[in-house]
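Undergrad:
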Amino acid sequence: LVKDTWEIEQLDAAVRHTVAGFHDVAGELSHAMRARRGERWIEGTFNRRARLEGHGLGFETIAAAGSHACALHWTRNDGPVRDGDLLLLDAGVEADSFYTGDVTRTLPVGGRFSDVQRRVYDLVFAAQSAGIAALRPGAPYGAFHDAATQVIAEGLDSW
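Numbered continuously in the working numbering, the sequence shown closes out at residue 203.
#1: Give me the Cβ distance between H99 and A139, rounded to the nearest whole Å; I'm assuming they're in contact under 8 Å.
#2: Using only the alpha-carbon positions, how far apart do D129 and A79 sit?
#3: Taking all protein chains shown into account, do 16 or more other C-beta atoms lie within 10 angstroms of the C-beta of V153, making it buried, or fewer, making it exposed?
#4: Considering only C-alpha positions, which residue in the set G136, L96, R95, E97 is nearest to A107?
#5: Near G199, which residues of its chain fall below 8 Å by C-beta distance, leaving aside the five closest residues on each side in sequence?
#6: Check the C-beta distance from Q54 over to S111 and give it rounded, since I have them as a contact under 8 Å.
#7: Rounded C-beta distance between L132 and T119? I'm assuming under 8 Å.
Here it is, written out as structure tokens:
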């Protein structure tokens, strides 16, 4: 599958707007901690960016804090956001062209990871980096997955 210049520009714009929405969310975490339904504050913050910069959301936003981040595809987004929580944010801006960004990140709500959170975050980041490094023309389809899971397995085994 080959994208032409226009398609690449549209994908780039969708991702840039999505990243801007993530920056908006990071700047609103203190407000989210004060809101009864802080996850909805996060969702609304991202949604505002999606509506201003593009057609809207590319898919339902996952704004899952604390234990909600452990529920696969949590989209109720109705819980509190507390200092010390991790926030799992999976969101994307759909550009006017209908191309969609799709970014997932884990953020420390209070601004800093605990030692355990940092250890897990670093392992997942190393796995992602290994997967990305395995992406190259002609590589077998599953090579990126194999590279990432190898890092996770070795990291967990060492703990």
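From the three backbone atoms N, C-alpha and C, an ideal C-beta is built for every residue, glycine too.
TA: So, from the data block:
#1: Indexing the sequence shown from 1 puts residue 99 at position 55. Indexing the sequence shown from 1 puts residue 139 at position 95. H99 to A139, Cβ: 6 Å. Contact.
#2: Looking up residue 129 in the sequence shown gives position 85. Looking up residue 79 in the sequence shown gives position 35. Each residue's Cα considered, the two are about 15 Å apart.
#3: Residue mapping note: residue 153 aligns to position 109 of the sequence shown, counting from 1. Answer is buried; the Cβ neighbour count reaches 16.
#4: One-based indexing of the sequence shown puts residue 107 at position 63. Out of G136, L96, R95, E97, G136 has the C-alpha closest to the C-alpha of A107.
#5: As a first step, residue 199 is located in the sequence shown; it is residue number 155 there, counting from the start. Contacts found: L167, A170, A171.
#6: For this step, residue 54 is matched to residue 10 along the sequence shown. For this step, residue 111 is matched to residue 67 along the sequence shown. So it is not a contact: roughly 37 Å between Cβ atoms.
#7: Here residue 132 is taken as the residue at index 88 of the sequence shown, counted from 1. Here residue 119 is taken as the residue at index 75 of the sequence shown, counted from 1. Not quite, the Cβ-Cβ distance comes to about 11 Å (not below 8 Å), so this is no contact.
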